[in-house]
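S.K.: For my numbering, add 2 to where a residue sits in the sequence shown, where the first one is 1.
Glycine included, C-beta positions come from ideal geometry on N, C-alpha and C.
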Amino acid sequence: QIKELKVPGYYKKWQEVLSKLENTNHISFDKVSISLNICDANQIIHTLPKNYYDVIFYDPFSHKTCPEFWMEEFLGQVFNLLSPNGTLTTYSGLKRVKKLAEDKGFTVTNIEPIGRKKPSLMIKAS
Numbered sequence: 003q004i005k006e007l008k009v010p011g012y013y014k015k016w017q018e019v020l021s022k023l024e025n026t027n028h029i030s031f032d033k034v035s036i037s038l039n040i041c042d043a044n045q046i047i048h049t050l051p052k053n054y055y056d057v058i059f060y061d062p063f064s065h066k067t068c069p070e071f072w073m074e075e076f077l078g079q080v081f082n083l084l085s086p087n088g089t090l091t092t093y094s095g096l097k098r099v100k101k102l103a104e105d106k107g108f109t110v111t112n113i114e115p116i117g118r119k120k121p122s123l124m125i126k127a128s
């Protein structure tokens, strides 16, 4: 349980947010609205508003375990969800993900690795 984790002081606020999300799947405060969807992404992707999300933390299983979430068709749908100034981050550094994003007009930057040795990606709408 998230409430039981011991975290540094700075992260206490986020621990509270995540604890609420754990129970309600949605929370809003200040100018922030966070939704947590734990479901089959193939079923929900078509129901989400396009050009809406300022930040997407794209964290499916690896391309070897769940290749469908790393294919052009699905990733294209995810990119379409970003607002005009939106950003997507992913632990992946797959060259085909980078190329697809660049081909769709996004700016792609390698960022510090997230849970791995190789760089992760930050993809920004242009």
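Out of N112, R98 and S37, which one is the CA nearest neighbour of K1?
M.R.: Outside the displayed range of the chain (3 to 128) lies residue 1, so it cannot be described from this structure.
S.K.: If we count the other Cβ atoms within 10 Å of its Cβ and call it buried at 16 or more, is S94 buried or exposed?
M.R.: Buried.
S.K.: Using 8 Å for Cβ pairs, my map puts L50 next to I36. What's the rounded Cβ distance?
M.R.: With a Cβ gap of about 14 Å, L50 and I36 do not count as contacting.
S.K.: Does T147 come out as helix, strand or coil in the three-state DSSP assignment?
M.R.: Residue 147 falls outside the range modelled here, since the chain spans only 3 to 128, and no answer is possible.
S.K.: At the level of alpha carbons, what is the spacing between N44 and K15?
M.R.: Each residue's alpha carbon lies about 32 Å from the other.
S.K.: Using a Cβ-Cβ cut-off of 6 Å (strictly less than) and excluding sequence neighbours within five positions of K120, which residues of its own chain qualify?
M.R.: Here the set comprises G95.
S.K.: Less than 8 Å between the beta carbons of I46 and L83, yes or no?
M.R.: For I46 and L83, no; Cβs fall outside 8 Å.
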